[in-house]
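Participant: Quick one: the structure is below, questions incoming.
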Amino acid sequence: KNEVEQSPQNLTAQEGEFITINCSYSVGISALHWLQQHPGGGIVSLFMLSSGKKKHGRLIATINIQEKHSSLHITASHPRDSAVYICAVGTSGSRLTFGEGTQLTVNP
Amino acid sequence: NAGVMQNPRHLVRRRGQEARLRCSPMKGHSHVYWYRQLPEEGLKFMVYLQKENIIDESGMPKERFSAEFPKEGPSILRIQQVVRGDSAAYFCASSLTRDSEQYFGPGTRLTVT
């Protein structure tokens, strides 16, 4: 079993839909990160959180430390949101352990 | 303020050659991390360095791979005698402090022919 599990692996949505991507982890963490990887391969850090909830534009990230679970929500999804979304946890010594990623496709 | 820079962006090497990948962290960042993404696989940690010191190299293959982050200049990931299985995207990230947010570079795509 991977230390970081994401679901779903693939997600297709229609423009405007509300999207949720889930992440569960099995280790103690210092922080959880949500990353976005575009088709060109570049990686952008979306959120880093260790408790509660953060919001940036149409993106919302939540974390429940007791349940070892985090969710990334996208409101009013748009085709430009199509990308791979990666959950990563910071464990000992700041190294990141990554989930396998969720491939999101938003159709117009 | 420039972000994390990596060069080259694409590197082609024949089997047995050496590959040198460079990473310049964001200004003011002294913590550097290297990650590898094999084709169709997720990202994996390789090594964590702080100026002139290797802090954690537990993700680095024991042979042929080495990393450094000198007092002056970029961090270097060096792969000696490359093999086809080394073909991957290598990402560098930097952070201001040990536990702060990591910012990723654009990656170096290494192809071994």
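Protein chains in written order, with this note's numbering: chain Z, 1 to 108; chain Y, 1001 to 1113.
Where a beta carbon is used, it is the ideal one built from N, C-alpha and C, also for glycine.
1) Contact criterion: CB-CB distance below 8 Å. Does Glu-5(Z) meet it with respect to chain Y?
2) Can you give me the C-alpha to C-alpha distance between Gln-1050(Y) and Ala-1067(Y), rounded to a whole angstrom?
3) Classify Ala-1002(Y) as buried or exposed, calling it buried when 16 or more other Cβ atoms lie within 10 Å of its own Cβ.
4) Would you kindly check if the distance between the Cβ of Leu-46(Z) and the Cβ of Ala-88(Z) is under 8 Å?
5) Alpha carbon to alpha carbon, how far is Phe-18(Z) from Pro-108(Z)?
6) List the DSSP bridge partners of Gln-14(Z).
7) Closer than 7 Å by C-beta to Val-1112(Y): which residues in its own chain qualify, once you throw out the five before and the five after it? Chain order, please.
8) Mind listing the chain Z neighbours of Gly-1107(Y)? Cutoff is C-beta to C-beta under 9 Å, in chain order.
Facilitator: Based on what the coordinates show:
1) As a first step, residue 5(Z) must be located in the first sequence, where it is residue number 5. The beta carbon of Glu-5(Z) does not come within 8 Å of any beta carbon belonging to chain Y, so the residue lies off that interface.
2) Against the second sequence, residue 1050(Y) aligns to sequence position 50. Against the second sequence, residue 1067(Y) aligns to sequence position 67. One C-alpha to the other measures close to 11 Å.
3) Taking the second sequence and counting its residues from 1, the one referred to as residue 1002(Y) is at position 2. So Ala-1002(Y) ends up on the exposed side.
4) Taking the first sequence and counting its residues from 1, the one referred to as residue 88(Z) is at position 88. Taking the first sequence and counting its residues from 1, the one referred to as residue 46(Z) is at position 46. No, Cβ-Cβ distance for Ala-88(Z) and Leu-46(Z) is not below 8 Å.
5) Indexing the first sequence from 1 puts residue 18(Z) at position 18. Indexing the first sequence from 1 puts residue 108(Z) at position 108. Here the alpha carbon of Phe-18(Z) sits roughly 14 Å from the alpha carbon of Pro-108(Z).
6) Here residue 14(Z) corresponds to residue number 14 of the first sequence, with the count starting at 1. DSSP, once it has assigned bridges, lists Asn-107(Z) as partnering Gln-14(Z).
7) Counted from its first residue, the second sequence places residue 1112(Y) at position 112. For Val-1112(Y), where only same-chain residues beyond five positions count, the Cβ hits under 7 Å are Arg-1013, Arg-1015, Val-1082, Val-1083, Arg-1084, Asp-1086 and Ser-1087.
8) Walking along the second sequence from the start, residue 1107(Y) turns up at place 107. Listed along chain Z, the residues sitting closer than 9 Å to Gly-1107(Y) by beta-carbon distance are Gly-41, Gly-42 and Ile-43.
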